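Trainee: Same order as they appear, the protein sequences are chains A and B.
So in the working numbering the end of the first sequence lands on 404, straight run, no missing numbers.
So in the working numbering the end of the second sequence lands on 404, straight run, no missing numbers.
Note that beta-carbon positions come from the ideal geometry of N, C-alpha and C, so glycine has one too.
Note that the coordinates shown come from a computational prediction; the quantities given were computed from them, not determined experimentally.
Protein chains: 2
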Amino acid sequence: MTELALLQNVRPNAGSVTDILIQNGRIAKIAPEISDLPADVTLLDGGGDIALPGLIEAHTHMDKTLYGLSWQPHSAGPTIRDKVDNERRIVKKLNIDSAQRSATQTRLEIGNGSTHIRTHVDVNNERGLGYLEGVLATQAAFKESVTIQVVAFPQQGILASPGTEAYLNEAAKLGIDCIGGIDPSVIERDPVKHLDIIFGIADKHGLGIDIHLHEPGQLGAFTVELIAERTKALGLRGKVMISHAFCLGGVDEPYLDRLTQMLLDNEIAIMTHGPGQSVYPPILKLSAAGVILCTGSDGIRDSWGPYGNGDMLERVMWLGYRSNFRRDEELAIALSMATTGAAKALGVENYGLDVGCDADIVVVKGETVAQAIMDRAARRLVLKRGKVTAADGHCLV
Amino acid sequence: MTELALLQNVRPNAGSVTDILIQNGRIAKIAPEISDLPADVTLLDGGGDIALPGLIEAHTHMDKTLYGLSWQPHSAGPTIRDKVDNERRIVKKLNIDSAQRSATQTRLEIGNGSTHIRTHVDVNNERGLGYLEGVLATQAAFKESVTIQVVAFPQQGILASPGTEAYLNEAAKLGIDCIGGIDPSVIERDPVKHLDIIFGIADKHGLGIDIHLHEPGQLGAFTVELIAERTKALGLRGKVMISHAFCLGGVDEPYLDRLTQMLLDNEIAIMTHGPGQSVYPPILKLSAAGVILCTGSDGIRDSWGPYGNGDMLERVMWLGYRSNFRRDEELAIALSMATTGAAKALGVENYGLDVGCDADIVVVKGETVAQAIMDRAARRLVLKRGKVTAADGHCLV
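Next up, the structure:
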């Protein structure tokens, strides 16, 4: 049976007013005032607002958000190691249920217009695969409403946390998307060994790689080189993401140019959430060079920090503010990091507002796209394959 | 006739639930479940939410916000000079009505919980005192709902814009609060002459000084010294603010310590809006030293840039994120820059949630103050001297 929906009176990417006909979850026709439809068509009123392709949350940690729980004052020390250790204490104290935690954040994200989420899920020698199973349950429960990609993430290290490697090997068989990694030198103390392990697992199971790289300057840049070498050697072109990559903001121009070429040659994507204080990848320069860029909330209100609300439009605004983007065309680049760029980074197919694409659409008030980013009005409608998942800022699933 | 209002069921600064009795605009009593009141008392339901003292917007430019007008894509070049020149074109093209513009922003700020605003108003040789008159009209129109302090601001310079000095002298007689200034070296090309003019006018008319200082590093720091010298010489201790003061984030520690001592000796306040990209004053260090700190939106959606929404809680969140504040006590310092610190900086009397203070109060949802900053829920109630000016995020005046 054919399912028909008509999204009426929207302006795709702030263009002219039109209707969007959705057939079996895909965009079938885009034209003004589409009529002569069967009586059982579902009519959706866009109110003349902007239609954007569904927002993509390309990097978060849904398994351990404390969003929705009683307020937990931040208690970690300043280093990455302090935060990793503090987290162990917090999640044990609160007896975190990762299925419940991830479901709460999923609803928050849907309400804000996300149709795709990539989440890193802790796998370690204390929790084993427990968190992963919880998030996979959320992935299944919400599969009609949002696409969730899962990264098995050794937050506490692999070499630094013996036993984790075996769990990652098990995780790889559970239908996940990527193997994660973390600071091969600063946390793991052996960059080659760490990278060889995660690339080995990914290669064996046909998975992607998404590695957290907070290492600064020359040290992090050397890690980028090692990642590029392994991506090439294993033929993983287009399947590797480096998240954070602060180092790209901390090397000189000629070296940055060489690193950029390695990213391009291997189609390695870069994720930045626009950190508050540390240097971070130079968005305009990388974008102009053609590097695949995306953004995400990172942790939302967890033991790492109190920030974040799962609103990718706010994240885009923040990226723009942090990068001193004032022009509409610069803001469009920031937005692409939560839309088209993120779709490339995550390998999302049939993405966009063209005929044939999945009808993953967010409708939001604004005269222009730039204004929509600044106002961040409650999302009027969010559609996942044509089904309404949120209205007026509220998740309906 | 005595006017009585009872704000019931609030938690001052996220403390215990209590009632606040307001008599003729002032806090008369704070106690749980106040009863036995006359029948004509106005009852206000705080819903168990947090009560904070009214938020203070310590630095904005209400005369030329484009908020509420059709979207204007940003069109200025990168330098301060480019932006000043571009602004001349934009305001001429749009034929800005500063009374209307400032009234629009005033309502926006009231809806977000502001009870006090300091705004810089352009005075120059093209507009003369026209913008100032417009904002003074708004100040008068809203005087029961928000306290507006006005700075006569030579945005385009005094030396660089001949004729402006005479207008500033005229402006000083119109009941304004401060004489403004701008980058005495970079824009004006003669730091001593610029500063002597603005300090001279302020001294003559018994006004404060609030100077925009974007000048970086050693250059800006030298200007800070010149400002401190004149503050001391003229006995203007406690009446001078340096806005932006990026330079305080760009000098070495020993020099910063010497500058800090000059700020303390002369009670010179520092305003930072938490710029996206440039260095800015080190909040924790200055706060620990006892320097008076405050924050503001700066321009909201004007020819200088598209950002800002007049929500001081969002500004506080931003300051915290930008400064890598994660702990509740750090966030409390950021909040103080929009409350108690700003009150000191602006010389606001009878400020706070104690008996005898003006009943300028904002009520907002949150388990803790830190959570209220993160959630930035629509303000439940905003009171100015006991009168409700906004409810559920909407300005009522």
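Considering only the alpha carbon of each residue, which of A:L73, A:K90, A:P39 and A:R18 lies closest to G55 of chain A?
Mentor: Position 48 of the first sequence holds residue 55 of chain A. Residue A:R18 is the option with its Cα nearest to G55 of chain A.
Trainee: Based on the DSSP secondary-structure assignment, which residues constitute the bridge partners of L17 of chain B?
Mentor: If you number the second sequence from 1, residue 17 of chain B lands on position 10. The sequence shown places Val at residue 17 of chain B, rather than the Leu named in the question. According to DSSP, V17 of chain B bridges with B:T25.
Trainee: Look at the alpha carbon of K48 of chain B and the alpha carbon of D361 of chain B, and state the distance between them as a whole number of angstroms.
Mentor: What you label residue 48 of chain B is simply residue 41 of the second sequence in a count that begins at 1. What you label residue 361 of chain B is simply residue 354 of the second sequence in a count that begins at 1. In the sequence on display, residue 48 of chain B carries Val and not Lys. For V48 of chain B and D361 of chain B, the distance between alpha carbons rounds to 20 Å.
Trainee: Classify R281 of chain A as buried or exposed, calling it buried when 16 or more other Cβ atoms lie within 10 Å of its own Cβ.
Mentor: Here residue 281 of chain A corresponds to residue number 274 of the first sequence, with the count starting at 1. Checking the sequence shown, residue 281 of chain A turns out to be Gly, not Arg. G281 of chain A is buried by the Cβ-count criterion.
Trainee: Are the C-beta atoms of H68 of chain B and some chain A residue less than 9 Å apart?
Mentor: Start at 1 with the first residue of the second sequence, and residue 68 of chain B comes out as number 61. Answer no: the Cβ-Cβ gap between H68 of chain B and chain A never drops below 9 Å.
Trainee: How many Å lie between I34 of chain A and L115 of chain A at the Cα?
Mentor: The count along the first sequence starts at 1 and reaches residue 34 of chain A at position 27. The count along the first sequence starts at 1 and reaches residue 115 of chain A at position 108. Those two C-alpha atoms are separated by around 25 Å.
Trainee: Rounding to the nearest angstrom, what Cα-Cα distance links I29 of chain A and A58 of chain A in this structure?
Mentor: On the first sequence, residue 29 of chain A is found 22 positions in, with the first residue counted as 1. On the first sequence, residue 58 of chain A is found 51 positions in, with the first residue counted as 1. Their backbone Cα atoms lie some 14 Å apart in a straight line.
Trainee: For A252 of chain A, which residues from the same chain have a beta carbon less than 8 Å from its beta carbon, with the 5 sequence-adjacent residues on both sides left out?
Mentor: Taking the first sequence and counting its residues from 1, one reaches residue 252 of chain A at position 245. Excluding residues within five positions, the ones whose Cβ falls inside 8 Å are L220, G227, V231, I277, M278, T279, Y287 and P288.
Trainee: Check each residue of the region 89-121 of chain A: if its Cβ is closer than 8 Å to any Cβ of chain B, include it; give the result in chain order.
Mentor: Per Cβ criterion, the list is empty.
Trainee: How big is the Cα-Cα spacing for L175 of chain B and A159 of chain B?
Mentor: Taking the second sequence and counting its residues from 1, the one referred to as residue 175 of chain B is at position 168. Taking the second sequence and counting its residues from 1, the one referred to as residue 159 of chain B is at position 152. Each residue's Cα considered, the two are about 7 Å apart.
Trainee: If distances are taken between C-alpha atoms only, which option among B:P223, B:E172 and B:G354 comes closest to M248 of chain B?
Mentor: Translated into the one-based positions of the second sequence, residue 248 of chain B becomes position 241. Minimum Cα distance to M248 of chain B is reached at B:G354.
Trainee: Starting from the beta carbon of Y328 of chain A, find every residue of chain B whose beta carbon is closer than 7 Å, and list them in chain order.
Mentor: One-based indexing of the first sequence puts residue 328 of chain A at position 321. Chain B residues near Y328 of chain A: G283 and Y314.
Trainee: Does DSSP put F332 of chain B in a helix, a strand or coil?
Mentor: For the purposes of this step, residue 332 of chain B is identified with residue 325 of the second sequence, where counting begins at 1. Of the three classes helix, strand and coil, the one that applies to F332 of chain B here is coil, per DSSP.
Trainee: Using the DSSP secondary-structure output, state which residues sit across from G283 of chain B in a beta bridge.
Mentor: As a first step, residue 283 of chain B must be located in the second sequence, where it is residue number 276. Paired residue(s): none; G283 of chain B is not in a bridge.
Trainee: Just verifying my parser: in three-state terms, what is the DSSP assignment at R265 of chain B?
Mentor: One-based indexing of the second sequence puts residue 265 of chain B at position 258. R265 of chain B: helix per DSSP, three-state reduction.
Trainee: Would you kindly report the start and end of the unbroken beta strand (DSSP E) that includes K391 of chain A?
Mentor: Numbered from its first residue, the first sequence carries residue 391 of chain A at position 384. K391 of chain A -> beta strand (DSSP E) spans L388 to K391.
Trainee: Am I right that P223 of chain B and G187 of chain B are in contact with their C-beta atoms under 8 Å? What's the rounded C-beta distance?
Mentor: By one-based count along the second sequence, residue 223 of chain B stands at place 216. By one-based count along the second sequence, residue 187 of chain B stands at place 180. With 8 Å as the limit, P223 of chain B and G187 of chain B do not qualify as a contact, their Cβ atoms being about 20 Å apart.
Trainee: By Cβ distance, which residues of its chain are closer than 6 Å to S42 of chain B, with the 5 residues on each side in sequence left out?
Mentor: The residue labelled residue 42 of chain B in the question sits at position 35 within the second sequence. Answer for S42 of chain B: no residue qualifies.
Trainee: Decide if the region 393-402 of chain B is in contact with the region 63-71 of chain B; the criterion is three or more beta carbon pairs, one per stretch, under 8 Å apart.
Mentor: Contact fails: fewer than three Cβ-Cβ distances are below 8 Å.
Trainee: Is there a Cβ from chain B that is less than 9 Å from the Cβ of N331 of chain A?
Mentor: Position 324 of the first sequence holds residue 331 of chain A. Yes, its Cβ sits closer than 9 Å to a Cβ of chain B.
Trainee: T302 of chain A to E321 of chain A, Cα distance in whole Å?
Mentor: Residue numbering aside, residue 302 of chain A sits at position 295 when the first sequence is read from its first letter. Residue numbering aside, residue 321 of chain A sits at position 314 when the first sequence is read from its first letter. The alpha-carbon atoms of T302 of chain A and E321 of chain A are separated by roughly 11 Å.
Trainee: Within 9 Å (strictly less), CB to CB, does P80 of chain A reach chain B?
Mentor: If you number the first sequence from 1, residue 80 of chain A lands on position 73. So yes, P80 of chain A belongs to the interface.
Trainee: The alpha helix (DSSP H) spanning T238 of chain A covers which residue range?
Mentor: Within the first sequence, numbered from 1, the residue matching residue 238 of chain A stands at position 231. Run containing T238 of chain A: G224 to A240, per the alpha helix (DSSP H) assignment.
Trainee: Any chance the region 162-182 of chain A sits against the region 202-217 of chain A, with 3 or more Cβ pairs inside 8 Å?
Mentor: Segments in contact, yes.
Trainee: Go through the region 55-137 of chain B residue by residue and report every complete run of the alpha helix (DSSP H) that reaches 4 residues or more, in order.
Mentor: Taking only runs of at least 4 residues, the alpha helix (DSSP H) segments lying wholly in the region 55-137 of chain B are 87-101 and 105-118.
Trainee: Helix, strand or coil, according to DSSP, for Q30 of chain B in the structure here?
Mentor: By one-based count along the second sequence, residue 30 of chain B stands at place 23. Strand, per DSSP.
Trainee: What is the rounded straight-line gap between the Cα of E151 of chain A and the Cα of I117 of chain A?
Mentor: Here residue 151 of chain A corresponds to residue number 144 of the first sequence, with the count starting at 1. Here residue 117 of chain A corresponds to residue number 110 of the first sequence, with the count starting at 1. The alpha-carbon atoms of E151 of chain A and I117 of chain A are separated by roughly 12 Å.
Trainee: Any Cβ of chain A within less than 9 Å of the Cβ of M324 of chain B?
Mentor: The residue given as residue 324 of chain B occupies position 317 in the second sequence. It does: the Cβ of M324 of chain B has a partner Cβ on chain A nearer than 9 Å.
Trainee: Cβ closer than 9 Å: which chain B residues qualify as neighbours of A377 of chain A?
Mentor: Residue mapping note: residue 377 of chain A aligns to position 370 of the first sequence, counting from 1. Within chain B, the residues near A377 of chain A are W78, P80, H81 and P313.
Trainee: For the alpha helix (DSSP H) that G207 of chain B lies in, which residues bound it at each end?
Mentor: Within the second sequence, residue 207 of chain B is the residue found at index 200, counting from 1. First-last of the alpha helix (DSSP H) with G207 of chain B: P198 to H212.
Trainee: Express the C-alpha separation of I216 of chain A and V91 of chain A in angstroms, rounding to a whole number.
Mentor: In the first sequence, residue 91 of chain A corresponds to position 84, counting from 1. In the first sequence, residue 216 of chain A corresponds to position 209, counting from 1. Answer to the nearest angstrom: the Cα atoms are 21 Å apart.
Trainee: Taking CB distances under 9 Å as the criterion, tell me whether D272 of chain B reaches chain A.
Mentor: The count along the second sequence starts at 1 and reaches residue 272 of chain B at position 265. It does not; no Cβ of chain A falls within 9 Å.
Trainee: If we define contact as Cβ-Cβ less than 9 Å, is M344 of chain A a contact residue for chain B?
Mentor: Residue mapping note: residue 344 of chain A aligns to position 337 of the first sequence, counting from 1. Not an interface residue.
Trainee: Taking C-beta to C-beta, are P60 of chain B and R333 of chain A nearer than 9 Å?
Mentor: Within the second sequence, residue 60 of chain B is the residue found at index 53, counting from 1. Within the first sequence, residue 333 of chain A is the residue found at index 326, counting from 1. It is not a contact, given that the beta carbons lie outside the stated cut-off.
Trainee: Name, in chain order, the residues that DSSP records as bridge partners for C254 of chain A.
Mentor: By 1-based counting over the first sequence, the position of residue 254 of chain A is 247. None; C254 of chain A has no bridge partner.
Trainee: Closer than 8 Å, Cβ to any Cβ of chain A: which residues of the region 223-242 of chain B, in chain order?
Mentor: The region 223-242 of chain B vs chain A, Cβ under 8 Å: nothing.
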